[in-house]
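Trainee: First the structure, which I've put down as C-alpha cells, then a few questions once you've had a look.
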Amino acid sequence: MRIHLRGIVVPLLAVGAIALACLEDGQAAGVIFKDGFALKGRVRREGDTVANPATGESILVGKGFYLLDEGVRRVVFSARHVEEIIENEVDNSADLVGLTRPFARRANTELKYITEILDVKPWDDNWNRNVKLIPSGVNKPEVAEQCVFSMTPNFVWVRARNFGWDAMYTTRELGPDQIYSLLISHESLREKGGRPDLKKRLTIARFMRQAGWLDQAEEQLTQLAKDLPSEEKTIAEARQAVLAARGVQLVIDLEQAHKAGRHFWARKQLDRLPKEGLDGEQLKRIRDLRAKYDAGEESLRLARRYLKEVPALLSDGDARKPWEEIAAVLLDDLSIDSVGRLETFVKFAQQDERERKQGKPSTTPPPGLMAYAVSGWLLGNGAAEDKADFGLKLWRTRQFVLEYQRSHSANARQKLLFAYEKAGAIPFDELAQLISQLPPAEAEEKVSDEVMDLEAKAPNARKGIPYQLRLPPEYRHSRAYPLLIALRNAGETTKEMMDRWTDLAAQNGYLLVAPEWGGGIARGYGYTVEEHAAVLDVLRDMQRRFNVDADRVFLTGQGEGGAMAFDVGLSHPDLFAGVLPFAAPPRYFGLKYATNGFHVPFYVVSGSLQPNDTAKNLRRQFETWSGNSHPSLWIEYKGRGNEWFGGELTNCFDWMGRRQRPSLPKETVEFKSHRPTDNRFYWLTVDGISERAVIGDVRNFNHYLVPSIVQGKVSEANRLNVSVRGFKQLTVWIGRGMVDFDKPVTISVNQAAAPTTRKITPSLQTLLEDFYQRGDRGRLFLARVDFNL
C-alpha cells in the first residue's frame with residue numbers, strides 16, 4: 001500500500017489519515033479507494049489557519065472532512081477508506097480545447113440557496129440564457145441572467161450577471177447538441193460569410209472528441225472532407241485521433257457488455273471490428289475476449305449436443321423419462337453464462353463417446369453422466385458427481401423448493417415439506433447452494449424490451465402497488481442481474497425517472513424499477529409505512545418474478561424520492577448494497593437512524609446551493625459515518641441548487657459496479673427504530689415496539705424522543721450477545737457460519753445473569769418459510785430463537 005507524493009514514495013498507513021494529513025496543501029491529483037473506485041482532483045482537509053508564533057508562518061490545522069476538489073464538484077470521503085493517493089506529475093489538460101467569453105457582473109447580491117429551478121431557456125448566440133428560479137426564503141420567482149464564462153470538454157463554468165452566483169456543470173451534462181450550438185456561436189469559431197474554415201472546424205471536432213462524443217466528432221470531419229476536399233491529408237490526421245479514441249472506447253464497451261450479459265451484442269461487434277484505431281494492448285484485450293466467446297460457444301455447442309444425445313442412451317430401467325425431462329429444462333436455460341456449470345458433464349460425455357466408438361465399456365454410464373449434469377447445474381461445476389440417485393434427489397429438491405415458493409397456502413406448504421422430508425432431504429449447505437441457482441419462483445412469462453407496467457403481488461404485499469420495469473438487453477431468467485430501484489421526485493412521473501437511468505442501466509446490465517410510491521405525482525414524501533411498502537413489496541415481487549441478484553440491490557431517488565431513499569435505506573439497511581440519494585438531505589428518521597447505515601454505503605449527490613438543511617443535515621450524517629472506513633461519499637456540485645445532476649450517472653454505475661452487499665455482519669451496530677415496521681436488521685428481528693418510542697406522523701416529529709434499540713454480536717465460543725431496549729419480542733436468526741450447530745449455543749439477552757444455552761438444530765421449515773416471506777436467496781437462515789422480553 002503506497003502513496004506517491006512529488007516523486008517520493010511513502011508507505012500509507014492502514015488508516016490512511018496520516019498520509020492524507022501530508023496532503024492538506026491540496027497537491028494530490030487522485031485518490032484510489034479500497035474498492036478500486038477512483039477520483040481525480042486536489043485533496044485537502046477542512047480546518048483553521050493559525051500563525052506559527054515562532055516564524056509567523058500560516059499553518060493549516062485540519063479538523064474537519066477530507067475533501068477532493070475537482071473543479072466542478074467537491075467530494076467528502078473517509079480517510080480510512082483510502083487505498084492510494086497519487087500525485088499527477090503530467091498535466092493532461094494542456095491539449096484540451098478551452099473557450100471563454102467576456103463577462104461583467106452588474107450586481108453582486110449573493111444567491112445563497114436555490115429552492116427550485118422553474119424554467120431554463122436555451123442558450124443564445126452570445127452564450128446567454130435566462131433561468132427562472134425560487135431562491136430560498138423568497139416567495140416569488142426570480143430570473144437569473146446566466147452567461148457561459150468558460151467551457152472545456154470537461155466542465156462548463158456559468159456565471160450570473162444579476163446575482164453573485166457561479167454554477168459548475170460537467171460538459172456531458174449539457175449534451176452534444178447544446179455544446180455544439182455554443183461552439184459554433186463562439187466568436188473564435190464562428191465561420192464568416194458561410195465559408196468553411198479548416199482550423200475552426202478541426203477545433204470543434206477536437207472538442208467533441210475530447211468530450212467523448214466520437215460520433216459527433218466523426219460527423220464534423222466527414223462534412224469537412226466534403227466541404228474542403230483539398231485538405232484531405234490534414235483531415236485524415238484528425239480522423240486518426242478519433243479512431244484511436246474510438247478504439248479505446250470500443251474495448252471498454254465490449255468488456256462492459258460481456259460483464260453485463262449482453263453477449264449477442266458483444267459477439268456481433270467482435271465480428272465487425274474496424275481494422276484501424278486499435279493499438280497492441282487493445283488488440284490483445286479484444287483477442288482475449290474473442291477467445292472467451294469462442295471457448296464459450298464451443299462449450300455451448302457440446303453441452304447442447306450431449307444433453308440431447310445422452311438421455312437417448314438411457315434404457316427404461318435407468319429412469320429414462322425423468323432424465324429426459326431434466327435435460328429439456330437444462331437445454332432451455334442453458335446460456336454462455338451458465339454453461340460452465342456443465343464442464344464436468346461435457347468432459348465425461350466426451351470420454352464416454354470415445355470409449356463407445358472404440359468398443360470399450362463406459363467408464364461413466366449414461367445415468368452417471370446425467371448426474372454430473374444435474375449436480376453441476378444445481379451446485380456448481382466443482383460439486384458435480386456421478387451418483388445417479390443423488391442427481392435425482394437434487395432435482396427432486398429443486399422441484400420441491402420451487403413448488404413450495406409458489407404455494408400461497410400455509411397448509412399446502414406444510415404438506416409439501418412433510419412429503420419432502422419423508423423422502424429424504426439434502427444437507428443444508430447443498431440446499432443453500434441449490435437455492436442460489438434457482439430461476440425465479442414465479443418467472444414472468446411475458447418479457448419485453450420495452451417498459452413493462454406491473455403490480456406487486458408478492459406474499460403479504462399491499463394490493464395494487466404499480467411499478468414500471470425495464471429489463472436489461474438479452475435478459476434471461478437463468479442469469480442473476482443487479483437491480484436499481486429509482487424513486488421519482490414529487491411533481492414528476494415514474495416514466496420521467498426511468499428515462500434518466502434507462503440508457504446506462506441497459507449498458508451496465510441492470511434491472512431498472514420505478515415504483516409509484518405516493519398518492520399522486522405532486523405529493524411530497526410522507527415517511528409512512530405505505531410508502532415504504534412501495535419499495536419493500538416491489539423488491540419482493542421482483543425477486544419472485546425475475547432473477548434478482550439479492551446481493552446487488554441498489555436504491556436511488558431524486559428530491560422527495562431521494563429523501564425516501566435515505567429513509568428506506570436506513571430503516572431496512574440489510575436489503576441494499578448501496579443507496580444513492582440525489583438532491584435530498586436526510587430528514588426525520590433519516591437523521592435519527594444514521595448509525596443504522598454503518599453496513600450499507602451511501603453515494604449522496606447534492607448542490608452547494610440547495611436549501612440550508614441539505615448541507616447541514618448531510619454534514620451531521622457524514623460526521624457519523626466518516627470516522628471509520630465507511631465507503632460512503634458525498635458529492636457536492638458547486639453553485640447548483642435543487643435540481644437533477646445527470647452528469648453524475650456514469651460515476652454512479654462505476655461505484656455500484658464495485659459494490660456488493662457485505663456478508664452477514666457478526667457485530668451489528670446500534671439499530672434504532674421509531675416505527676413498528678422498522679424491525680429487521682440483518683440477523684435480528686424485534687417486535688412490540690414501545691409506544692413511547694413510536695413516531696406516527698412526521699408533522700409531530702420529536703427529535704428528542706428516545707428510540708427503541710437493538711444491538712448484537714457474534715462472539716467466540718458459540719455465543720451470541722444481544723442488547724434490546726424498547727421492544728417486547730426478539731427473534732435471533734442464525735445462518736451458516738454464525739455458530740457451530742454441533743455444539744451448544746449460548747444466547748445472552750441484555751446481559752442476562754443466566755443466558756440461554758442449548759443445542760440448536762437447523763430447521764428446513766425455518767429456512768424455507770423465511771425464504772418464502774422475504775425472497776432473499778442471498779441470506780438464508782437455518783434456525784430462529786424467539787424471546788419474550
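Under the numbering used here, the letters of the sequence shown match residues 1 to 789, in that order.
A virtual CB, placed ideally from N, CA and C, is assigned to each residue, including glycine.
(1) Are the stretch 219–237 and the stretch 256–263 touching by the rule of at least three beta carbon pairs closer than 8 Å?
(2) For L278, does the three-state DSSP call read helix, strand or coil?
(3) Looking only at C-alpha atoms, which of Q405, Y372, Y404, G382 sits nearest to K391?
(4) When the distance is taken between beta carbons, is S606 closer than 8 Å to T595?
(5) Could you tell me the distance, in whole angstroms, from the CA atom of V600 to the CA atom of V529?
(6) Round the Cβ separation of A419 and R544 to the nearest angstrom and send it over; I've been treating them as touching at under 8 Å.
(7) Starting from the C-beta of V710, find all residues in its chain whose C-beta is less than 6 Å away, skip the five residues before and the five after it, and write them out in chain order.
(8) Under 6 Å Cβ to Cβ from P585, same chain only, skipping five residues before and after it: list those, please.
(9) So, for Y527: in the same chain, excluding its five sequence neighbours on each side, which residues have a beta-carbon less than 7 Å away from its beta-carbon?
(10) Sorted by chain position, which residues of the same chain lie with C-beta nearer than 6 Å to F37's C-beta, five sequence neighbours on each side aside?
(11) Between the Cα of E450 and those of D352, P472, K200, spot the shortest distance and give me the residue it belongs to.
(12) Using beta-carbon positions only, say whether R209 and A241 come within less than 8 Å of one another.
(13) Report, in whole angstroms, the separation of the C-beta atoms of L469 and L511, which I expect to be a contact under 8 Å.
(14) Which value, in whole angstroms, describes the spacing of the CA atoms of P515 and P366?
(15) Using a beta-carbon distance below 8 Å, is E231 in contact with chain B?
(16) Grab me the residues of W265's own chain with a C-beta within less than 6 Å of its C-beta, minus the 5 sequence neighbours each way, in chain order.
(17) Do you know offhand how far V535's Cα is from R287's?
(18) Measuring CB to CB, does V739 end up less than 8 Å from V732?
(19) Taking a contact to mean a Cβ-Cβ separation below 8 Å, would you say Y525 touches A480 in this structure?
(20) What first and last residue would you give for the alpha helix (DSSP H) that runs through E219?
(21) The alpha helix (DSSP H) that contains M859, what's its start and end?
(22) G775 by DSSP, collapsed to three states: which one?
(23) Helix, strand or coil, according to DSSP, for G164 in the structure here?
(24) Where F681 and P122 are concerned, what is the direct C-alpha to C-alpha distance, given to the nearest angstrom?
(25) How many whole angstroms separate the CB atoms of Y593 and S571, which I take to be in contact at a CB cut-off of 8 Å?
(26) For D776, is the classification buried or exposed, using 16 other Cβ atoms within 10 angstroms of its Cβ as the cut-off for buried?
(27) Count the other CB atoms, across all protein chains shown, that sit within 10 Å of the CB of D786; report buried if there are 16 or more and exposed otherwise.
(28) Considering only residues of the same chain and omitting the five flanking positions on each side of R661, which have a CB-CB separation below 6 Å?
(29) If you reduce the DSSP assignment to three classes, tell me which class P176 lands in.
(30) Given a cut-off of 8 Å, decide if P176 and D213 are closer than it, judged by their beta-carbon atoms.
(31) How many Å lie between N788 and E636 at the Cα?
(32) Can you tell me whether N642 is buried or exposed? The criterion is at least 16 other CB atoms within 10 Å of its CB, across all chains shown.
(33) Extract the residue ranges of the beta strand (DSSP E) inside the stretch 498–554, only unbroken runs of 3 or more that lie entirely within it.
(34) Taking the straight line between their C-alpha atoms, what separation do you get for Q249 and G64?
(35) What number of angstroms, rounded off, separates the C-alpha of V72 from the C-alpha of L198?
(36) Using the DSSP secondary-structure output, state which residues sit across from K132 in a beta bridge.
Mentor: Looking at the coordinates:
(1) Contact between the stretch 219–237 and the stretch 256–263 is absent, because fewer than three Cβ pairs lie under 8 Å.
(2) Here the question's residue 278 lines up with position 278 in the sequence shown. In the structure shown, L278 sits in coil (DSSP, three-state: anything other than H, G, I, E or B).
(3) Reading the sequence shown from its first residue, position 391 is the one you call residue 391. Contrary to the premise, residue 391 reads as Gly rather than Lys in this sequence. The shortest C-alpha separation from G391 is found at Y372.
(4) In the sequence shown, residue 595 corresponds to position 595, counting from 1. In the sequence shown, residue 606 corresponds to position 606, counting from 1. No, they are not a contact pair.
(5) What you label residue 600 is simply residue 600 of the sequence shown in a count that begins at 1. What you label residue 529 is simply residue 529 of the sequence shown in a count that begins at 1. Going by the C-alpha atoms only, they are around 21 Å apart.
(6) In the sequence shown, counting from the first residue as 1, residue 419 sits at position 419. In the sequence shown, counting from the first residue as 1, residue 544 sits at position 544. Their Cβ separation, rounded to whole angstroms, is 23 Å, which puts A419 and R544 out of contact at 8 Å.
(7) The residue you call residue 710 lines up with position 710 of the sequence shown. So the qualifying residues of the chain are F671, L684, V686, V724.
(8) One-based indexing of the sequence shown puts residue 585 at position 585. The residues are D613, T614, N617, L618.
(9) Along the sequence shown, one-based indexing puts residue 527 at 527. Closer than 7 Å at Cβ, skipping near neighbours: D567, Y588, F589, V698.
(10) For the purposes of this step, residue 37 is taken as the residue at position 37 of the sequence shown. So the qualifying residues of the chain are W655, R658.
(11) Position 450 of the sequence shown holds residue 450. Taking only the C-alpha atoms, the option nearest E450 is P472.
(12) For the purposes of this step, residue 209 is taken as the residue at position 209 of the sequence shown. For the purposes of this step, residue 241 is taken as the residue at position 241 of the sequence shown. A contact, by the Cβ cut-off of 8 Å.
(13) As a first step, residue 469 is located in the sequence shown; it is residue number 469 there, counting from the start. As a first step, residue 511 is located in the sequence shown; it is residue number 511 there, counting from the start. Taking a contact as a CB-CB distance under 8 Å, the pair L469 and L511 counts as one, their CB atoms being some 7 Å apart.
(14) Within the sequence shown, the letter at position 515 stands for residue 515. Within the sequence shown, the letter at position 366 stands for residue 366. For P515 and P366, the distance between alpha carbons rounds to 49 Å.
(15) This model lacks chain B altogether; it includes just one protein chain.
(16) As a position in the sequence shown, residue 265 is number 265, starting the count at 1. Within the same chain, W265 has close Cβ partners A257.
(17) By one-based count along the sequence shown, residue 535 stands at place 535. By one-based count along the sequence shown, residue 287 stands at place 287. So the alpha carbons of these two residues sit roughly 43 Å apart.
(18) Residue 739 sits at position 739 when you count from the first residue of the sequence shown. Residue 732 sits at position 732 when you count from the first residue of the sequence shown. Taking 8 Å as the cut-off, the Cβ atoms of V739 and V732 do not count as close.
(19) For the purposes of this step, residue 525 is taken as the residue at position 525 of the sequence shown. For the purposes of this step, residue 480 is taken as the residue at position 480 of the sequence shown. The criterion of a C-beta distance shorter than 8 Å is not satisfied by Y525 and A480.
(20) Counting from one through the sequence shown, the residue named residue 219 turns up at place 219. Element bounds for E219: 214–227.
(21) The first residue shown for the chain is 1 and the last is 789, placing residue 859 beyond what the model contains.
(22) Numbered from 1 along the sequence shown, position 775 holds the residue referred to as residue 775. Under the three-state reduction of DSSP output, G775 falls in the coil class, being neither helix nor strand.
(23) What you label residue 164 is simply residue 164 of the sequence shown in a count that begins at 1. In the three-state DSSP reduction, G164 falls in the strand class (E or B).
(24) Translated into positions along the sequence shown, residue 681 becomes position 681. Translated into positions along the sequence shown, residue 122 becomes position 122. Whole-angstrom Cα-Cα distance: 49 Å.
(25) For the purposes of this step, residue 593 is taken as residue 593 along the sequence shown, with counting starting at 1. For the purposes of this step, residue 571 is taken as residue 571 along the sequence shown, with counting starting at 1. Confirmed, Cβ separation roughly 6 Å.
(26) As a working note, residue 776 is residue 776 in the sequence shown. It counts as buried.
(27) Walking along the sequence shown from the start, residue 786 turns up at place 786. So D786 counts as exposed.
(28) Residue numbering aside, residue 661 sits at position 661 when the sequence shown is read from its first letter. Contacts found: D551, A577.
(29) Within the sequence shown, numbered from 1, the residue matching residue 176 stands at position 176. DSSP places P176 in helix when its eight states are reduced to three.
(30) If you number the sequence shown from 1, residue 213 lands on position 213. If you number the sequence shown from 1, residue 176 lands on position 176. One point to set straight first is that residue 213 is Trp, not Asp, in the sequence displayed. Cβ distance < 8 Å, so W213 and P176 count as in contact.
(31) Locating residue 788 in the sequence shown gives position 788, where the first residue counts as 1. Locating residue 636 in the sequence shown gives position 636, where the first residue counts as 1. Here the alpha carbon of N788 sits roughly 46 Å from the alpha carbon of E636.
(32) As a working mapping, residue 642 is identified with position 642 in the sequence shown. Burial state of N642 is buried, judged by a 10 Å Cβ sphere holding 16 or more other Cβ atoms.
(33) The DSSP assignment places 511–515 as complete runs of the beta strand (DSSP E) inside the stretch 498–554, in order along the chain (cut-off: 3 residues).
(34) For the purposes of this step, residue 249 is identified with residue 249 of the sequence shown, where counting begins at 1. For the purposes of this step, residue 64 is identified with residue 64 of the sequence shown, where counting begins at 1. Spanning the two alpha carbons is a distance of roughly 39 Å.
(35) By one-based count along the sequence shown, residue 72 stands at place 72. By one-based count along the sequence shown, residue 198 stands at place 198. Straight-line Cα distance between these residues: approximately 32 Å.
(36) Along the sequence shown, one-based indexing puts residue 132 at 132. Here K132 is bridged, per DSSP, to D119, V143.
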